[in-house]
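Residue numbers (full-length UniProt numbering): 1 to 668.
Glycine included, C-beta positions come from ideal geometry on N, C-alpha and C.
Keep in mind the model is a prediction, meaning the values are calculated, not measured.
What follows is a set of notes on a single structure, which appears directly below.
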C-alpha cells in the first residue's frame, strides 16, 4: 500500500489557492457544501467560485522541444564519442533525443546507435538505426546505418537478417557521397561477409534460422504461473483463493479454499492504472516501468517529459498518450500527488461514451471481477460516510482542478465541454466525470499500492547494499480486496507493473488470506502499528500478532519451540517447550492430553542445515534455489510449530529478499 495518504498534505503549488477558495466560502455557504451528498455536485460547487479557477493550467516554454539544446548535447556527445567515452556520450545523445524536434532526431538516433554498438548493446543499436530510417535519415548516409545494423544482427546471430542488411549496405552505397576508395573498402567488406555467411549457411543449415538469436542483453522478466487453475470469478487469482463479503465493517476478504503452501503463486494482477513518480519519468519507461538505457521520446513529437524503453512500448501507448499529453506537464510541474495522477488516469483511459454507459451499473456486483473493469475499481471502499466536510472540501478542490485539466484535452466532445469560467455551469457529463475523479481520490487513499524496484550496485552478487525504492503507484482492484495483518500470509513483488502475490506461510482451508499494508510486527512495536493503521487506513488492527501482543523479532526467545497441540483444531493450544528440555512427553494445559514431541523434533531437525544452504545461495545470487530452501523450511515449521518463532520469521525475511531480487531490479 502507499505509505501515507498523499492528499493529506497539500502540495505547495496548491496550498495558497486552496486557502483562498476556503476563505471565499462563508459559514452559511460551507453548511450548504456539507449538506451535498453527491461527489459530482461537490466538485461543481467548488468550481462556481472564481478563486477555484485561478491556478494556471499552461506553462509556456516548459517541457518543449529545443533545437539549440539538442544540437549542443549532440555535439558534446560527438566529442565524448571521439574520445572513446561511450557511456557519457550515450547520456548526451539520449538527452538530445528527448528534447530534439523530429527534424533533428534521425541523426541523433543514428549517432546513439553507434555508441550502443560500441557498448555491445546490439538490440538497442538496431532499434535506434531502424528508428532513424523511419524518421528520415539522409539517404547519402544510409550505408553507415545499414552496415552497423548488419554487424549488430550478426552479433545477435540473426543470420538471415544480417545478410539482408549487408545487401542493403551495398544498395545504399549508390547514394553515398564518399570517396571511391572508401566506397570500395566498404563494398569489399560487405561482400566478404556475405560470402562467408552464405558458405556457412550451406555447411550448417541451422544457422539459417531467423529465430537463432543470442540472449537479449536485458531480457524481460517472465511472470510465474498461478498455482492451480485460474479463479473463474476473480481471474487475477488462483482458484485456491475465494472471496467473501461479511457485510460488516470487515467488508470483502479472501480465504483459502484448500491448503495453500509457502511459495504458492496466488495472484498476478496488472494494474487498473499505474503512474511513475515524477523523479523517475525520464529514467523509466512510461508504459512498462522498466529502467531505460536508450530512452525513446513520446509519439507526440512535442513533449519532453516522459520516455519509453522501446519503440514497441511507445507504439502501444500512442492512443493513451494522445489524451494524456496535454495533462502531464501540469501534473508534473504542480507536483500533484500519485493519488491525483491515478484518480485522473483511471478515468482518462476509458472513453467518455463507455463511462456514461456504466453510469447505472457502477454499484452493481460484477462477475467475473476483472481489475481492468472500472466498475470493480469504483466498488472499492472510500469511507465516504466517515469523512468530515473539511476533508471532502479539500478533495473536491483537487478533483475540480483535475477536471479543469481534463477539459483541456480532447476527452470531452466540444458540445459538452463548457468554458473554464466560474460563470459557466458544468455540463452533466462534466459533473459526472468530476464526481468519479473525486470518488477515485477517496478510494485511492486506502487502495493504492507502491510499485517498487530493487536497486543494486553494478556487478554486485550479494544484496548487502541493495535498496528497495518506490518508483510509482498503481491500483490493483483484486489484490486491494485483501485485508491487512501484521503477520501476513502472503507477500507481493512486481514484474514491471504486474503485481505477483505468493504465499508466505501455510494457509489452511477457510483461513483468511491477508497481506501487509506496511506495519509488520517483526520490526514495528504494537502501539506504532496501531497508530499508523488508524491514521492512514481508519481501522483498529485485531490480527493475531496484535491480539496476542507478539514481540519484535529481536524479542522472540530462540530457545523456545512452540508446538501445536496434536489434538488439532478441537484444542488449538500452543505448547511452549525449551530447547534445553530433555522431556519428550508434554501435557497440554488446555485439553490435558499428553503429546510426544519427538516426532516434531525429528521433522524439523534438518531446518538449520537447509537454512544455512539457502542463505549461502542467497549470498551467491542463486535466488530461485534459495527460495526453494526457505519455502521448504516454512512448510516443515508450519506442520509442527506455531509462530512467533525467530527462525521462522528470519526465513520469511530471506524470502522477501529473494523475491525482490527476482522482481524489478536495476543496477547503478
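Straight-line gap, residue i to residue j (C-alpha atoms, nearest Å)
i           : j           : result
residue 241 : residue 81  : 56 Å
residue 312 : residue 600 : 55 Å
residue 558 : residue 643 : 12 Å
residue 637 : residue 534 : 33 Å
residue 378 : residue 634 : 37 Å
residue 101 : residue 297 : 10 Å
residue 628 : residue 659 : 11 Å
residue 118 : residue 86  : 7 Å
residue 670 : residue 65  : Limits of the chain in this structure are 1 at one end and 668 at the other, which puts residue 670 out of reach.
residue 525 : residue 605 : 31 Å
residue 447 : residue 272 : 12 Å
residue 419 : residue 655 : 55 Å
residue 216 : residue 222 : For residue 216, the pLDDT reaches just 40, beneath the cut-off of 50, and the residue's location in the model is therefore unreliable, although a value from the coordinates is still provided. Rounded to whole angstroms, residue 216 to residue 222 spans 13 Å at the Cα level.
residue 739 : residue 374 : For the chain, the structure presents residues 1 to 668; residue 739 sits outside this window and is missing.
residue 574 : residue 325 : 59 Å
residue 371 : residue 270 : 7 Å
residue 392 : residue 13  : 19 Å
residue 26  : residue 330 : 30 Å
residue 597 : residue 247 : 42 Å
residue 33  : residue 639 : 57 Å
residue 193 : residue 75  : 33 Å
residue 130 : residue 317 : 19 Å
residue 341 : residue 226 : 30 Å
residue 173 : residue 154 : 20 Å
residue 517 : residue 551 : 19 Å
residue 485 : residue 162 : 56 Å
residue 120 : residue 531 : 52 Å
As assigned by DSSP and simplified to three states, the class of residue i
i           : result
residue 290 : coil
residue 619 : helix
residue 604 : helix
residue 667 : strand
residue 339 : helix
residue 106 : helix
residue 498 : strand
residue 311 : helix
residue 118 : helix
residue 277 : coil
residue 303 : strand
residue 298 : coil
residue 240 : coil
residue 212 : Note that residue 212 scores 39 on pLDDT, short of 50, meaning its location in the model is unreliable; the coordinates nonetheless yield the value given after this. If DSSP states are grouped into helix, strand and coil, residue 212 belongs with coil.
residue 658 : helix
residue 39  : helix
residue 8   : With a pLDDT of 48 at residue 8, under the threshold of 50, the predicted position of this residue should be treated as unreliable, though the coordinate-derived value follows. Three-state result, residue 8: coil.
residue 633 : helix
residue 250 : coil
residue 596 : strand
residue 581 : coil
Inter-residue CB distance, residue i and residue j (contact presumed, cutoff 8 Å)
i           : j           : result
residue 478 : residue 267 : 7 Å
residue 345 : residue 275 : 6 Å
residue 53  : residue 343 : No, residue 53 and residue 343 are not in contact; Cβ-Cβ is about 19 Å, not under 8 Å.
residue 578 : residue 553 : With a Cβ gap of about 19 Å, residue 578 and residue 553 do not count as contacting.
residue 662 : residue 476 : At roughly 19 Å, the Cβ-Cβ gap does not stay under 8 Å, so residue 662 and residue 476 are not in contact.
residue 488 : residue 258 : About 19 Å separates the two Cβ atoms, so there is no contact after all.
residue 69  : residue 99  : 5 Å
residue 564 : residue 576 : Actually they do not touch by this definition, with Cβ atoms about 11 Å apart.
residue 500 : residue 507 : Contact doesn't hold; Cβ gap of about 17 Å is too wide.
residue 426 : residue 556 : Between residue 556 and residue 426 the Cβ distance is about 58 Å, and since that is not below 8 Å, they are no contact.
residue 355 : residue 43  : With 8 Å as the limit, residue 355 and residue 43 do not qualify as a contact, their Cβ atoms being about 15 Å apart.
### Task
Could you name each continuous alpha helix (DSSP H) segment of 4 residues or more that falls completely within the stretch 51-104, going from the start of the chain to the end?
67-82 and 86-99
### Query
How do the stretch 138-155 and the stretch 103-115 stand: do at least 3 beta-carbon pairs fall below 8 Å, yes or no?
yes
### Task
Report yes or no: do the stretch 274-290 and the stretch 457-465 share at least 3 C-beta pairs separated by less than 8 Å?
no
### Task
Spell out a yes or no on whether the stretch 440-447 and the stretch 370-389 are touching, meaning 3 or more CB-CB pairs, one atom from each, closer than 8 Å.
yes
### Message
If we require 3 or more residues per run, which beta strand (DSSP E) segments fall completely within the stretch 126-197?
### Response
none
### Message
Between the stretch 425-440 and the stretch 464-472, can you find at least three pairs of beta-carbon atoms closer than 8 Å?
### Response
no
### Message
With three or more C-beta pairs closer than 8 Å as the rule, is the stretch 185-195 touching the stretch 154-170?
### Response
yes
### Query
Which runs of the alpha helix (DSSP H), 4 residues or longer, sit entirely within the stretch 524-548?
526-537 and 544-547
### Query
What beta strand (DSSP E) runs, 3 residues minimum, are completely inside the stretch 394-456?
448-456
### Message
Contact between the stretch 152-168 and the stretch 192-200 is defined here as three or more beta-carbon pairs at a separation below 8 Å; is this criterion met?
### Response
yes
### Query
Are three or more beta carbon pairs between the stretch 228-236 and the stretch 364-384 nearer than 8 Å?
yes
### Query
Taking only runs of the alpha helix (DSSP H) that begin and end inside the stretch 348-401, which ones reach a length of at least 4 residues, in chain order?
352-357 and 374-378
### Query
Counting Cβ pairs closer than 8 Å, one from the stretch 391-405 and one from the stretch 11-26, do we hit at least three?
yes
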